[in-house]
Structure formats: structure tokens, C-alpha cells
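Residue numbers (the working numbering): 25 to 205. See structure below.
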Amino acid sequence: MQFHNTSVSFRKLLNERYAYISWKSNLDTVIAERYSDQRGQPLVHMSRETFSPENYGWGFRPSAPYVHKFDSLMQQLVEAGLITKWEHDTRERRASLGRDRRPASRGPDPTRFVAISVYHLQGAFMLLSAGFAAGLLALLAEVLVHRARSKAARWRWQRLAARRRAALAWRSAGPRTTSGE
């Protein structure tokens, strides 16, 4: 196994079949600063899981009176997530500085493949949602028109039936006579 410095290792990583193992916090910062595109997307893949925990260490003389207080304070910082937040802030700041120092490219590299994500498909999902909404409105309009027409037809039939009943009642009553003759 050979050891190379970071720039040689990343050059080999980008151009050959090569794996580079180092501290996650160091790799996060280097990738964000030097090996990501203008949008901040990394040019290399880094595993999410780590196989060795990173610890922080401080050197004190033996039996120093403030060691326990210092250990307690450091534990509180770690548990509160401040160490992780500071690492993240440092990584973001160095990434933006690294992107600012790079020369502006003329556009995206057409030979570089980008994995399609939900972000890329937002327009398609919006168009699909608009189609669903238009279909729902058309169905609702059709149901309302059908109800209105069936109600009007029912009303016409009821009116016609009432006229027929009135005509039958008039015929069955016979001729009307007036009593004044």
C-alpha cells in the first residue's frame, strides 16, 4: 500500500480506478473546496458511513485541576451538536471560497453525466398535477351538467303528467251546467 498526498490522490481518484481513505472531516472540506462543480455538486463519491469514529483530543499535563471541567464542557458541546455545526459551517465557508477562486466555466460539461433526481423532474410533476387538476374539474363539470339536465327533464315530465291528469279530470267531470237557466 502506498501513501500519496491529497492532490495526487484526488488526481488519481478522478482519472483512474483508485480509492482514497482519509479522515471524513478532511475529505468533506477538500471535496467541497476543490473537487466540486459551480453548483456545489461533488465530482467524486464519498461514502456516507464511516468505519472509525473521529475523536477530538487535547493534551494536558497529568493531574491538571481543570481536566474534568474541560472534559465536561467538551462533552456538552458534542452533545449539543455545536462541533458538528462548526465543522459544517467551516466546510461551507471553504467550499464557497474555493468556488470563488476557480475560473468561471463556459457552461456545464456535456460529457459529465448527472444523476436525475426529483429536482430535475419538478416540471414533469407540476405538469402531471395540472393535468390531474384539469381532469378533476372536467369530471366535476360533467357531473353538475348531468344533474342539471336530469333535474330539468324530471321537471318537464312532472309538468306533462300534471297536464295529463288535469285533462283527464276535466274529461271525466263531463259537461258543466250552470244553475241560473
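Think of the CB as a built atom: it goes at the ideal place given N, C-alpha and C, for glycine as much as any other residue. Computed from a predicted structure; not experimentally measured.
Per DSSP, the bridge partner or partners of residue i
{"i": "Ser153", "result": "Partner(s): none; Ser153 has no beta bridge."}
{"i": "Ser60", "result": "Pro66"}
CA nearest to the CA of residue i, picked from the options
{"i": "Ala43", "options": "Gly83, Val32 and Ala158", "result": "Val32"}
{"i": "Arg72", "options": "Ala197, Glu57 and Lys48", "result": "Lys48"}
{"i": "His112", "options": "Arg189, Ala193, Ser196 and Glu57", "result": "Glu57"}
{"i": "Asn29", "options": "Arg41, Asn39, Ser46 and Glu40", "result": "Ser46"}
{"i": "Arg63", "options": "Phe34, Gly122 and Met98", "result": "Gly122"}
{"i": "Val138", "options": "Arg171, Leu164 and Ser60", "result": "Ser60"}
With 16 other Cβ atoms within 10 Å as the buried cut-off, status of residue i
{"i": "Thr53", "result": "buried"}
{"i": "Leu51", "result": "buried"}
{"i": "Phe34", "result": "buried"}
8 Å CB neighbourhood of residue i in its chain, flanking five on each side removed
{"i": "Thr114", "result": "Thr53"}
Contacts around residue i, its chain only, beta-carbon distance under 7 Å, and the 5 residues preceding and following it disregarded
{"i": "Arg118", "result": "Thr53, Ala56 and Glu57"}
6 Å CB neighbourhood of residue i in its chain, flanking five on each side removed
{"i": "Ala190", "result": "none"}
When you compare the segment 50 to 68 with the segment 88 to 104, are there three or more beta-carbon pairs, one atom per stretch, that lie closer than 8 Å? no
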